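There are 2 protein chains.
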Amino acid sequence: MTTPRSIPTLDDVARVAGVSTATVSRCLNEEQKVSAKTRERVMKVINELGYTPNFNARAMAAKRTNTIGAIIPTMENAIFARGLQAFQETLYASGYNLLVSSSAYQPQLEAEQIRALVARGADGLLLIGYARGQEVYDYLERRGIPTMLAWASLPDRDHASVGFDNCAAMRMLADRVLSMGHIRIAVISGIIEGNDRAEGRLRGIKESVAAHGLDPGQIPVIETSYEIENGAAAFETLMQIDPKPTVVMCGNDVLAAGAISKAHELGLRIPDDVSITGFDDIELASVLQPQLTTVHVPHREMGCIAAKELIDMVEGRSTGAKQQLAVSISMRGSLRQI
Amino acid sequence: MTTPRSIPTLDDVARVAGVSTATVSRCLNEEQKVSAKTRERVMKVINELGYTPNFNARAMAAKRTNTIGAIIPTMENAIFARGLQAFQETLYASGYNLLVSSSAYQPQLEAEQIRALVARGADGLLLIGYARGQEVYDYLERRGIPTMLAWASLPDRDHASVGFDNCAAMRMLADRVLSMGHIRIAVISGIIEGNDRAEGRLRGIKESVAAHGLDPGQIPVIETSYEIENGAAAFETLMQIDPKPTVVMCGNDVLAAGAISKAHELGLRIPDDVSITGFDDIELASVLQPQLTTVHVPHREMGCIAAKELIDMVEGRSTGAKQQLAVSISMRGSLRQI
DNA sequence: GAATCAATTGTAAGCGCTTACACTCACTCT
DNA sequence: AGAGTGAGTGTAAGCGCTTACAATTGATTC
Numbered sequence: 006m007t008t009p010r011s012i013p014t015l016d017d018v019a020r021v022a023g024v025s026t027a028t029v030s031r032c033l034n035e036e037q038k039v040s041a042k043t044r045e046r047v048m049k050v051i052n053e054l055g056y057t058p059n060f061n062a063r064a065m066a067a068k069r070t071n072t073i074g075a076i077i078p079t080m081e082n083a084i085f086a087r088g089l090q091a092f093q094e095t096l097y098a099s100g101y102n103l104l105v106s107s108s109a110y111q112p113q114l115e116a117e118q119i120r121a122l123v124a125r126g127a128d129g130l131l132l133i134g135y136a137r138g139q140e141v142y143d144y145l146e147r148r149g150i151p152t153m154l155a156w157a158s159l160p161d162r163d164h165a166s167v168g169f170d171n172c173a174a175m176r177m178l179a180d181r182v183l184s185m186g187h188i189r190i191a192v193i194s195g196i197i198e199g200n201d202r203a204e205g206r207l208r209g210i211k212e213s214v215a216a217h218g219l220d221p222g223q224i225p226v227i228e229t230s231y232e233i234e235n236g237a238a239a240f241e242t243l244m245q246i247d248p249k250p251t252v253v254m255c256g257n258d259v260l261a262a263g264a265i266s267k268a269h270e271l272g273l274r275i276p277d278d279v280s281i282t283g284f285d286d287i288e289l290a291s292v293l294q295p296q297l298t299t300v301h302v303p304h305r306e307m308g309c310i311a312a313k314e315l316i317d318m319v320e321g322r323s324t325g326a327k328q329q330l331a332v333s334i335s336m337r338g339s340l341r342q343i
Numbered sequence: 006m007t008t009p010r011s012i013p014t015l016d017d018v019a020r021v022a023g024v025s026t027a028t029v030s031r032c033l034n035e036e037q038k039v040s041a042k043t044r045e046r047v048m049k050v051i052n053e054l055g056y057t058p059n060f061n062a063r064a065m066a067a068k069r070t071n072t073i074g075a076i077i078p079t080m081e082n083a084i085f086a087r088g089l090q091a092f093q094e095t096l097y098a099s100g101y102n103l104l105v106s107s108s109a110y111q112p113q114l115e116a117e118q119i120r121a122l123v124a125r126g127a128d129g130l131l132l133i134g135y136a137r138g139q140e141v142y143d144y145l146e147r148r149g150i151p152t153m154l155a156w157a158s159l160p161d162r163d164h165a166s167v168g169f170d171n172c173a174a175m176r177m178l179a180d181r182v183l184s185m186g187h188i189r190i191a192v193i194s195g196i197i198e199g200n201d202r203a204e205g206r207l208r209g210i211k212e213s214v215a216a217h218g219l220d221p222g223q224i225p226v227i228e229t230s231y232e233i234e235n236g237a238a239a240f241e242t243l244m245q246i247d248p249k250p251t252v253v254m255c256g257n258d259v260l261a262a263g264a265i266s267k268a269h270e271l272g273l274r275i276p277d278d279v280s281i282t283g284f285d286d287i288e289l290a291s292v293l294q295p296q297l298t299t300v301h302v303p304h305r306e307m308g309c310i311a312a313k314e315l316i317d318m319v320e321g322r323s324t325g326a327k328q329q330l331a332v333s334i335s336m337r338g339s340l341r342q343i
């Protein structure tokens, strides 16, 4: 099957080119330190032999990998896709590679993967949100791994981060909903446990409701994980309440998609019979029928900033800034005036 | 910022525990070769010191990484998400880790990333489809890296693969469309260049049309990359043809989502004014309104099989089998009888 | 009691790179 | 002409692990 011919190493290149391994290494890493003539000869040999540097050996000797790790809660839906894509592109442009893992929203798994990425020599890390044990932060600090948090940014925490205030953002949307005359609000929230974004969003709604003189304790809330069918199921349950809610606010666009789809199935017209809102403004939001009113998050901008700041931290130019991004409301057909 | 206390190594553990490095290594890798008493003592020290093995050093010494690499064309939409998730879960269950990169549908980038993953010591690789230069296959064979191809499986190629015959699958759908009385078919295809799946799907439609005694050359085809807005734009263009197509067959669900969304915008009713079909049956397909008639692909099954077969190849139990999966048609509201 | 054997443990040689330091060799400057 | 300079190159010491092989130990056998 496989040709037994062994894989060429730096030594092979050096021997064939008639130079020392140090010179070959320099050709690959610090061109300017090698004379043009030598470099040319070495490069020719590298091509002839089909030599590729061994990453692990390089990482070991150089103690750096030009690799950034990112751990996102899920790859199953597109919530993080666009931001991550921008993150990756920005890193790539600066000569860094990205390693992605998904933690399936399990803190335990996230901790494991953080260790795995650090063990692999990641120069820096991108994590989503704040919620994780202090021991994880301690570990990261002890190992000296620069870490950025994204998709959240809290005024009262000063860890390096880029994102927005999930609570304030959702409160803004709820204020808008209330100002349009809605009184009977129901909520489909993501799982709060271990997810500060979901927690903030729910809190935002409650704060808004309270500020409008209503009792936040009266609001029906269903907590479920971010999957379309869960949104659908939750919506069906909420619609059995009498009197029916006039609006169902969802923790993200995925849940809202499920809700809208179930509404069609139940023969409920949106927004005539009931309004629905989302959060994130992923592509999905504007192919739904009617299009989804949601909180617009600047995914690409967030990804770019995260990458730039993280690189600055890794290269020692920054100790980790906090950047709060503005979000806005994308008003579309799924929310109506009462 | 960072505590300068240095990172514990195997040597540190060995010294503190009063054993040799070999013994510590054995505790971590071949428990049964160490007495219970010693193991216990060593493990205690490992925890106290917060020791984590250095992956790169381990990879170097052991010449294997328990890591599988996967390169998918895009992470931006969910086409590969579910299959990849299943792939990952299956690998994880067998003690393997997954490293994912995205090639943005660029063969050149894919080749680069293959080299990068191999340089990192990936024990095996998962690639999508067949279309890539022979030199890539040669490289992989020379390095002895087991490679699985997924999302495609061609009768006349015998590379290890798991997937389906894209051409046959789409031909089946087209046959169905034609049998329902459609005569004026239009197509929104993905970019053919460098994408054998897209090419096969388009060919499937043409073969079906030809088999029904029509001229495949007459069918309007717009080729565009897999993004919702591109599907929308293409649909708008196709609807300007006179007489209008009775059905627009799309290369995948993402393009179809764009088409449906544009149809609403144009005030065209689906399926009354025009039918639309997709391919893949991702979650999106059933939240669209009307729900999308599409080719159902067994994503999870494909991911699982790919993982199992690849592990068998890596561990020398298989030399690479080819498995063809059956696809089916998900008949839903977007396609109607004429 | 000596020999045999299996179970444990230790010794030490790499794995393929980077890089501090040493060295060589034209040139340039007094 | 001799010293000083700096560009280019080589030498060799690791980086933190795994593992073949050697050594030790205690138990078992005759």
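Chain order of the listed sequences is A and B. My numbering applies: residue 6 is where the first sequence begins, and numbers increase by one. My numbering applies: residue 6 is where the second sequence begins, and numbers increase by one. All C-beta atoms in this analysis are idealised placements derived from N, C-alpha and C, irrespective of residue type, glycine included. Please read these numbers as outputs of a predicted model, since none were measured by experiment.
Would you please verify whether the beta carbon of residue i is less than 7 Å from any beta carbon of chain A?
i: Ile233 of chain B; result: yes
i: Arg162 of chain B; result: no
i: Thr43 of chain B; result: no
i: Met65 of chain B; result: yes
i: Gln294 of chain B; result: yes
i: Ala86 of chain B; result: yes
i: Thr57 of chain B; result: yes
i: Thr7 of chain B; result: Bear in mind that a pLDDT of 37 at Thr7 of chain B, under 50, signals an unreliable position, so the number given afterwards is only what the model happens to contain. Yes, its Cβ sits closer than 7 Å to a Cβ of chain A.
i: Ala83 of chain B; result: yes
With 7 Å set as the bound, which would you pick, yes or no: does the beta-carbon of residue i sit closer than that to a beta-carbon of chain B?
i: Gly321 of chain A; result: no
i: His304 of chain A; result: no
i: Gln90 of chain A; result: yes
i: Ser339 of chain A; result: no
i: Arg125 of chain A; result: yes
i: Met80 of chain A; result: yes
i: Thr282 of chain A; result: no
i: His301 of chain A; result: no
i: Val105 of chain A; result: yes
i: Phe240 of chain A; result: no
i: Ser335 of chain A; result: no
i: Arg120 of chain A; result: yes
i: Asn356 of chain A; result: Nothing about residue 356 of chain A can be read from this structure; chain A reaches only from 6 to 343.
i: Ser194 of chain A; result: no
Taking C-alpha atoms, which residue in the options lies nearest to residue i?
i: Thr43 of chain B; options: B:Gly218, B:Thr57, B:Gly55, B:Gly23; result: B:Gly23
i: Asn71 of chain A; options: A:Pro303, A:Met48, A:Asn102; result: A:Asn102
i: Ala66 of chain B; options: A:Ala62, A:Ile133, A:Tyr231; result: A:Ala62
i: Lys249 of chain B; options: B:Gly263, B:Ala261, B:Ala268; result: B:Ala268
i: Met185 of chain B; options: B:Ile51, B:Val252, B:Arg31; result: B:Val252
i: Ala174 of chain A; options: A:Val226, A:Leu183, A:Arg208; result: A:Arg208
i: Gly263 of chain B; options: B:Tyr231, B:Arg274, B:Ile246, B:Asp278; result: B:Tyr231
i: Gly55 of chain B; options: B:Ala91, B:Asp17, B:Glu45; result: B:Asp17
i: Glu115 of chain A; options: A:Glu146, A:Asn200, A:Val182; result: A:Asn200
i: Ile51 of chain B; options: B:Arg69, B:Gln37, B:Thr26, B:Ser40; result: B:Thr26
i: Ala91 of chain A; options: A:Lys313, A:Ser323, A:Ile343; result: A:Lys313
i: Gly236 of chain B; options: B:Gly218, B:Ile196, B:Ile246; result: B:Ile196
i: Ser323 of chain A; options: A:Ala41, A:Arg125, A:Cys32, A:Gly129; result: A:Gly129
i: Leu183 of chain B; options: B:Ala216, B:Ala157, B:Ala19; result: B:Ala216
Consult DSSP for residue i and reduce its assignment to one of helix, strand or coil.
i: Thr282 of chain A; result: strand
i: Ala191 of chain B; result: strand
i: Ala83 of chain A; result: coil
i: Leu130 of chain B; result: strand
i: Gly236 of chain A; result: helix
i: Ser107 of chain A; result: strand
i: Ile227 of chain B; result: strand
i: Val167 of chain A; result: strand
i: Gly43 of chain A; result: The sequence as given places Thr at residue 43 of chain A; Gly does not occur at that position. In the structure shown, Thr43 of chain A sits in a helix (DSSP, three-state: H, G or I).
i: Ile119 of chain A; result: helix
i: His301 of chain A; result: strand
Mind reading off the beta-carbon distance from residue i to residue j? Whole number of angstroms is fine, and I expect it under 8 Å.
i: Gln329 of chain B; j: Asp170 of chain B; result: 7 Å
i: Arg308 of chain B; j: Gly88 of chain B; result: The sequence given here has Gly at residue 308 of chain B, not Arg. Contact holds; Cβ gap of about 4 Å.
i: Ile265 of chain B; j: Val292 of chain A; result: 7 Å
i: Phe284 of chain B; j: Thr298 of chain B; result: Wrong, their Cβ atoms sit about 10 Å apart, outside the cutoff.
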